[in-house]
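Trainee:
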Amino acid sequence: MNSIYQYFRAIWYGFSSLWKGMMLTGHYLVHPKKILTEQYPENRDTLYIPDRFQGEVVLPHDENNEHLCTGCTICEMNCPNGSIKIITQQVVTPEGKKKKELDKWVYHLGLCTFCGQCIDACPQDAIKMSNAFEHSVYDRKVLTKVLNQPGSKLKSAKK
Amino acid sequence: MSASTIIFYIVSALVLVFGAMSVFTRKIFRAAIYLLFSLIGIAGIYILMNMDFIAALQVLIYVGGIIVLIIFSIFLTHQAGDKLPKPLFKRIVAGASMAAFGLIVVLGVFYKTAFKVTTEAGIDHSARSIGRQMLDYHHHGYVYPFEIVSFLLLAALVGCIVIAVKIQKK
Amino acid sequence: MQLSISLLEITRAIDSWLNSIFHPHVAFGIELVLAGVAVILLVVAMAVLMVYAERKLAGFMQMRLGPMRVGKYGSMQAIADVMKLLLKECLVPTNSDKMMFKLAPFVVTVVSFMTIVPIAFARGIQLWDINIGVFYITAVSSLSVIGILMAGWSSNNKYSLLGAMRSGAQIVSYELSGGLALIVVVMMSGTLSISGIVQAQADGWWVIKGHIPVIIAFVTFIITSTAELNRAPFDLAEAESELTAGYHTEYSGMQFAMFFLSEYTNMFVLSMVAATVFLGGWMPFHIAGLEGFNHFMDYIPGIVWFFGKTFFILFLIVWFRWTFPRLRIDQLLKLEWKYLLPVSIINVLFAAFIALMGWYL
Numbered sequence: 043m044n045s046i047y048q049y050f051r052a053i054w055y056g057f058s059s060l061w062k063g064m065m066l067t068g069h070y071l072v073h074p075k076k077i078l079t080e081q082y083p084e085n086r087d088t089l090y091i092p093d094r095f096q097g098e099v100v101l102p103h104d105e106n107n108e109h110l111c112t113g114c115t116i117c118e119m120n121c122p123n124g125s126i127k128i129i130t131q132q133v134v135t136p137e138g139k140k141k142k143e144l145d146k147w148v149y150h151l152g153l154c155t156f157c158g159q160c161i162d163a164c165p166q167d168a169i170k171m172s173n174a175f176e177h178s179v180y181d182r183k184v185l186t187k188v189l190n191q192p193g194s195k196l197k198s199a200k201k
Numbered sequence: 006m007s008a009s010t011i012i013f014y015i016v017s018a019l020v021l022v023f024g025a026m027s028v029f030t031r032k033i034f035r036a037a038i039y040l041l042f043s044l045i046g047i048a049g050i051y052i053l054m055n056m057d058f059i060a061a062l063q064v065l066i067y068v069g070g071i072i073v074l075i076i077f078s079i080f081l082t083h084q085a086g087d088k089l090p091k092p093l094f095k096r097i098v099a100g101a102s103m104a105a106f107g108l109i110v111v112l113g114v115f116y117k118t119a120f121k122v123t124t125e126a127g128i129d130h131s132a133r134s135i136g137r138q139m140l141d142y143h144h145h146g147y148v149y150p151f152e153i154v155s156f157l158l159l160a161a162l163v164g165c166i167v168i169a170v171k172i173q174k175k
Numbered sequence: 004m005q006l007s008i009s010l011l012e013i014t015r016a017i018d019s020w021l022n023s024i025f026h027p028h029v030a031f032g033i034e035l036v037l038a039g040v041a042v043i044l045l046v047v048a049m050a051v052l053m054v055y056a057e058r059k060l061a062g063f064m065q066m067r068l069g070p071m072r073v074g075k076y077g078s079m080q081a082i083a084d085v086m087k088l089l090l091k092e093c094l095v096p097t098n099s100d101k102m103m104f105k106l107a108p109f110v111v112t113v114v115s116f117m118t119i120v121p122i123a124f125a126r127g128i129q130l131w132d133i134n135i136g137v138f139y140i141t142a143v144s145s146l147s148v149i150g151i152l153m154a155g156w157s158s159n160n161k162y163s164l165l166g167a168m169r170s171g172a173q174i175v176s177y178e179l180s181g182g183l184a185l186i187v188v189v190m191m192s193g194t195l196s197i198s199g200i201v202q203a204q205a206d207g208w209w210v211i212k213g214h215i216p217v218i219i220a221f222v223t224f225i226i227t228s229t230a231e232l233n234r235a236p237f238d239l240a241e242a243e244s245e246l247t248a249g250y251h252t253e254y255s256g257m258q259f260a261m262f263f264l265s266e267y268t269n270m271f272v273l274s275m276v277a278a279t280v281f282l283g284g285w286m287p288f289h290i291a292g293l294e295g296f297n298h299f300m301d302y303i304p305g306i307v308w309f310f311g312k313t314f315f316i317l318f319l320i321v322w323f324r325w326t327f328p329r330l331r332i333d334q335l336l337k338l339e340w341k342y343l344l345p346v347s348i349i350n351v352l353f354a355a356f357i358a359l360m361g362w363y364l
């Protein structure tokens, strides 16, 4: 008796779960406002890209043209496919101390897989992922970027 | 010659040609396909005789059932795609003599029978009358063969389940 | 009162006009050709429409837009696809059985066009009112397995062979309960002919008149016909993630298009059969006792009713496809042999009892 009950229960359960699925797709069918598709080239002005989209690595500068990168090269070591090259230089501070400082933050966009491990590894939280995605260019050389702006400095330690 | 006679000759020629090809081809899958066309031709002859129901049964059972089974068993054999080796001369002779013997028997019966041309009305060939005859136990009824065949098929079905079922060891 | 011009009168006018010009035999031959061309045009037009409709519906069901680029709202997409397939080369693999490989698409297409023959589109619009209509459709559609097996075997490709075997096993096993579902209505209307079944529904469609057994049969038939079509959720035969494309992996160009067309034709035929057998074919919707309502329904021509019902069932099938996940092979066999077949056998007995007692409306 129990097995017969189980048999019909299975049929009932099957139909009810299928009906649930059909209701969901049917709901989407009659609610076209829920459509997620972006008609990209046409709606370029109103396009919404989520903030968490990992488009490219950027090194944010503040209004005084200062960044947070100390040139520690941890990001370079963490990069799985060598798309980061940190070039440092020795400078002499006004106090007469020798100090290592960032010279060029070279970023090969053509090699990057946007995994975000450099951002996770950075001890200063100096670099970020931006959600820019229109990266296509006609010349491959343009893809090799220097992220620190000319004349930028390390933000002085917290006061 | 009326149109139906011409169609009859065309269809029977197709049946015979495909039958012969299914025997003589050396690719086993093609043999099954030629047999299929031959059986479809037989269904065509049934339609020509106004036996729609029998024709549909022929297509459903022989073509849709038996040929599919044959093809499945061909799929499961080794070297299904290879050409079969040429038969031995001994076997050709043996097979040809068997075929000739069969042909002689058929022709003998064929020429001994006196075919009468009747003017009687054709039998009622609708599905309804076939169904009634199938379950009729008075005259021209087939209820006993029908029941016996059903019983046989039921036994085969149960036998299949018995063979296929897995006995769970405790 | 009916509409002044019906399709039946148009066909009669063409018939008498042809007979007045030509010898009756020649006129008959011309009519056969005309009917064949009409069927092919109908099927191709419906297939193009259906491909577009399905892609659009699928898009909306999955919060997408579907095709949008070719033509306004992508309306030319299906035609562009057909053009692409027409222009592509028909490749034949070197180690295939070439004759079978080239023959298979034709077998599949011919079989699927043959099943359209006994379908009644409107009052008197029927190519061949064969007295075993429903049985004829079941018998002929069982032939399509052969074409699929031929295609799968002759491609000389393991994916094709596996796909063909899966598809064959699936069609052969689901034919059983599909046939039993049709038998329910055949028993109640007492005839196998399509026009007879439609006439039996003049006072109400079977799915309403025949209540419980016919509703069970209708659900069974929809499930089995989806399975026989090898469409999702029963598309194991062409499961992309396992078998690339199943039995038509090796086909390209027009040969592939013929498989595609025959798949869609089978879909139309099965939904037309479901519409005819369960939903009353071209019979309008009548409620006994409401004379005004019934008269109003009579004004809608039969062909609109017929295609309305057909497209309703096509919509259901499309809805299934874009909602349900694919079944595993053991689930597929379990569904047929442990659920559909016992249920439909018991349903046939139940329906026989009801038909015997005359307990339908």
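Protein chains in written order, with the working numbering: chain V, 43 to 201; chain F, 6 to 175; chain R, 4 to 364.
The C-beta atom is built at its ideal place from N, Cα and C for all residues, glycine as well.
(1) I'd like the span of the alpha helix (DSSP H) that includes V:Asp162, first residue to last.
(2) Of all Cβ atoms in chain V, is any one closer than 8 Å to the Cβ of R:Leu68?
(3) So what's R:Ala125 in DSSP terms, helix, strand or just coil?
(4) Return the residue from the list R:Pro96, R:Gly150, R:Trp156 that minimises the CA-CA distance to F:Lys32.
(5) How long is the line joining the alpha carbons of F:Ser7 and R:Val113, rounded to whole angstroms?
(6) For F:Met56 and F:His130, I'd like the C-alpha separation in whole angstroms.
(7) So with CB distances below 7 Å, who are the chain R contacts of V:Gln81?
(8) Using a beta-carbon distance cut-off of less than 7 Å, what residues from the region 170 to 183 of chain R approach chain F?
(9) Thinking R:Leu146 and F:Gly146 are a contact (beta carbons under 8 Å), I'd like their distance in whole angstroms, please.
(10) What residues from the region 134 to 162 of chain R come within 7 Å of chain F, judged by C-beta to C-beta, listed N to C?
(11) Cα separation between R:Asp333 and R:Tyr76?
(12) Tell me whether V:Leu89 is buried or exposed, calling it buried when 16 or more other Cβ atoms sit within 10 Å of its Cβ.
(13) Which two residues bound the contiguous alpha helix (DSSP H) that contains V:Lys62?
(14) Compute the distance between the beta-carbons of R:Pro216 and R:Ile357, then report whether it is under 8 Å.
(15) For V:Tyr70, which residues in chain R fall below 8 Å Cβ to Cβ?
(16) Where does the unbroken alpha helix (DSSP H) through R:Val272 begin, and where does it stop?
(17) Could you check the C-alpha separation between V:Pro83 and R:Tyr55 for me, to the nearest Å?
(18) Please look up how many angstroms separate the CB atoms of V:Leu110 and V:Lys197, rounded, as I've assumed it's under 8 Å.
(19) Quick one: is V:Ala168 buried, meaning 16 or more other Cβ sit within 10 Å of its Cβ, or exposed?
(20) Who are the neighbours of F:Arg35 on chain R, taking C-beta pairs under 9 Å?
(21) Can you confirm whether the region 305 to 322 of chain R touches the region 274 to 289 of chain R when touching is taken to mean that 3 or more C-beta pairs between the two stretches lie within less than 8 Å?
(22) If you draw a straight line from the C-alpha of R:Ile13 to the C-alpha of F:Ser9, how long is it?
(23) Taking F:Ser131 as the query, report the chain R residues whose CB atoms sit under 8 Å from its CB, ordered along the chain.
(24) Any beta-carbon of chain R closer than 8 Å to the one on V:Leu60?
(25) Only counting the same chain, and skipping five residues up and downstream in sequence, which positions put a Cβ closer than 8 Å to that of R:Met300?
(26) Where in the region 322 to 348 of chain R do unbroken runs of the alpha helix (DSSP H), each at least 4 residues long, occur, reported from the N-terminal end onward?
(27) Tell me the rounded alpha-carbon separation between R:Met64 and F:Phe34.
(28) Looking at C-alpha atoms only, which residue of F:Ile72, F:Phe77, F:Val20 is the closest neighbour of F:Gly49?
(29) Check whether the region 227 to 247 of chain R and the region 16 to 35 of chain R touch, using three or more Cβ-Cβ pairs below 8 Å as the test.
(30) At least one CB of chain F closer than 8 Å to the CB of R:Met86: is that the case?
(31) Kindly indicate which three-state DSSP category R:Ser192 falls into: helix, strand or coil?
(32) Please check if any C-beta of chain V sits within less than 8 Å of the C-beta of R:Thr326.
(33) V:Ser194 by DSSP, collapsed to three states: which one?
(34) Buried or exposed for R:Pro345, going by 16 or more other Cβ atoms inside 10 Å?
(35) Buried or exposed: which applies to R:Ala107, given that a residue is buried once 16 or more other Cβ atoms fall within 10 Å of its Cβ?
(36) Does DSSP classify F:Ser7 as helix, strand or coil?
Mentor: So, from the listed chains and residues:
(1) The residue labelled residue 162 of chain V in the question sits at position 120 within the first sequence. Per DSSP, the unbroken alpha helix (DSSP H) holding V:Asp162 starts and ends at 159 to 163.
(2) Working through the third sequence from its first residue, we reach residue 68 of chain R at position 65. So, interface residue.
(3) Residue mapping note: residue 125 of chain R aligns to position 122 of the third sequence, counting from 1. Looking at R:Ala125 - three-state DSSP - the assignment turns out to be strand.
(4) As a working note, residue 32 of chain F is residue 27 in the second sequence. Of R:Pro96, R:Gly150, R:Trp156, the residue nearest in Cα terms is R:Trp156.
(5) Mapped onto the second sequence, residue 7 of chain F falls at position 2. Mapped onto the third sequence, residue 113 of chain R falls at position 110. Rounded to whole angstroms, the gap between the alpha carbons of F:Ser7 and R:Val113 is 27 Å.
(6) What you label residue 56 of chain F is simply residue 51 of the second sequence in a count that begins at 1. What you label residue 130 of chain F is simply residue 125 of the second sequence in a count that begins at 1. Using only the alpha carbons, I get a separation of about 6 Å.
(7) Here residue 81 of chain V corresponds to residue number 39 of the first sequence, with the count starting at 1. Residues of chain R passing the Cβ test: Met71.
(8) For the region 170 to 183 of chain R, residues whose beta-carbon sits nearer than 7 Å to a beta-carbon of chain F comprise Gly171, Val175.
(9) Numbered from 1 along the third sequence, position 143 holds the residue referred to as residue 146 of chain R. Numbered from 1 along the second sequence, position 141 holds the residue referred to as residue 146 of chain F. In this structure R:Leu146 is not in contact with F:Gly146, their Cβ atoms being roughly 32 Å apart against a cut-off of 8 Å.
(10) The region 134 to 162 of chain R vs chain F, Cβ under 7 Å: Asn134, Ile135, Phe138, Tyr139, Thr141, Ala142, Val143, Ser145, Leu146, Val148, Ile149, Leu152, Met153, Trp156, Asn159.
(11) For this step, residue 333 of chain R is matched to residue 330 along the third sequence. For this step, residue 76 of chain R is matched to residue 73 along the third sequence. The alpha-carbon of R:Asp333 is positioned some 41 Å away from that of R:Tyr76.
(12) Translated into positions along the first sequence, residue 89 of chain V becomes position 47. Per the 10 Å Cβ criterion, exposed.
(13) Counting from 1 along the first sequence, the entry for residue 62 of chain V is found at position 20. Bounds of the alpha helix (DSSP H) holding V:Lys62 are 44 to 72.
(14) Taking the first residue of the third sequence as position 1, residue 216 of chain R is located at position 213. Taking the first residue of the third sequence as position 1, residue 357 of chain R is located at position 354. The answer is yes: Cβ separation under 8 Å.
(15) Along the first sequence, read from residue 1 onward, the residue named residue 70 of chain V stands at position 28. Simply Phe63, Met64, Gln65, Met66.
(16) Locating residue 272 of chain R in the third sequence gives position 269, counting from the first residue. Looking at the DSSP string, the run of the alpha helix (DSSP H) that includes R:Val272 is 256 to 282.
(17) Taking the first sequence and counting its residues from 1, the one referred to as residue 83 of chain V is at position 41. Taking the third sequence and counting its residues from 1, the one referred to as residue 55 of chain R is at position 52. Each residue's CA atom was taken as its position, placing V:Pro83 and R:Tyr55 some 23 Å apart.
(18) For this step, residue 110 of chain V is matched to residue 68 along the first sequence. For this step, residue 197 of chain V is matched to residue 155 along the first sequence. About 6 Å separates the beta carbon of V:Leu110 from that of V:Lys197, a gap short enough to meet the 8 Å contact definition.
(19) Your numbering for residue 168 of chain V matches position 126 in the first sequence. When all chains shown are included, V:Ala168 counts as buried.
(20) Translated into the one-based positions of the second sequence, residue 35 of chain F becomes position 30. The CB of F:Arg35 comes closer than 9 Å to the CB of Asp100, Met102, Met103 in chain R, given here in chain order.
(21) Two segments are said to touch when three or more pairs of C-beta atoms, one from each, lie closer than 8 Å; by this definition the region 274 to 289 of chain R touches the region 305 to 322 of chain R.
(22) Working through the third sequence from its first residue, we reach residue 13 of chain R at position 10. Working through the second sequence from its first residue, we reach residue 9 of chain F at position 4. Going by the C-alpha atoms only, they are around 30 Å apart.
(23) Stepping through the second sequence from its first residue, residue 131 of chain F is reached at position 126. Under the 8 Å cutoff, chain R gives Asn134.
(24) Here the question's residue 60 of chain V lines up with position 18 in the first sequence. At least one chain R Cβ lies under 8 Å of V:Leu60.
(25) Walking along the third sequence from the start, residue 300 of chain R turns up at place 297. Sequence-distant Cβ neighbours of R:Met300 in its own chain, meaning closer than 8 Å and more than five residues away, are Pro287, Phe288, His289.
(26) Within the region 322 to 348 of chain R, the complete alpha helix (DSSP H) runs of at least 4 residues are 332 to 337.
(27) By one-based count along the third sequence, residue 64 of chain R stands at place 61. By one-based count along the second sequence, residue 34 of chain F stands at place 29. A straight line joining the alpha-carbon of R:Met64 with that of F:Phe34 spans about 44 Å.
(28) Translated into positions along the second sequence, residue 49 of chain F becomes position 44. F:Val20 is the residue among F:Ile72, F:Phe77, F:Val20 whose C-alpha sits nearest the C-alpha of F:Gly49.
(29) By the C-beta criterion, the region 227 to 247 of chain R is judged not to be in contact with the region 16 to 35 of chain R, since fewer than 3 inter-stretch pairs fall below 8 Å.
(30) Start at 1 with the first residue of the third sequence, and residue 86 of chain R comes out as number 83. Any Cβ of chain F closer than 8 Å to the Cβ of R:Met86 would place that residue at the interface, and such an atom is absent.
(31) Mapped onto the third sequence, residue 192 of chain R falls at position 189. Helix, per DSSP.
(32) As a working mapping, residue 326 of chain R is identified with position 323 in the third sequence. At least one chain V Cβ lies under 8 Å of R:Thr326.
(33) For the purposes of this step, residue 194 of chain V is identified with residue 152 of the first sequence, where counting begins at 1. Under the three-state reduction of DSSP output, V:Ser194 falls in the coil class, being neither helix nor strand.
(34) The count along the third sequence starts at 1 and reaches residue 345 of chain R at position 342. Exposed, by the Cβ-count rule.
(35) One-based indexing of the third sequence puts residue 107 of chain R at position 104. Classification for R:Ala107: buried.
(36) Reading the second sequence from its first residue, position 2 is the one you call residue 7 of chain F. Of the three classes helix, strand and coil, the one that applies to F:Ser7 here is coil, per DSSP.
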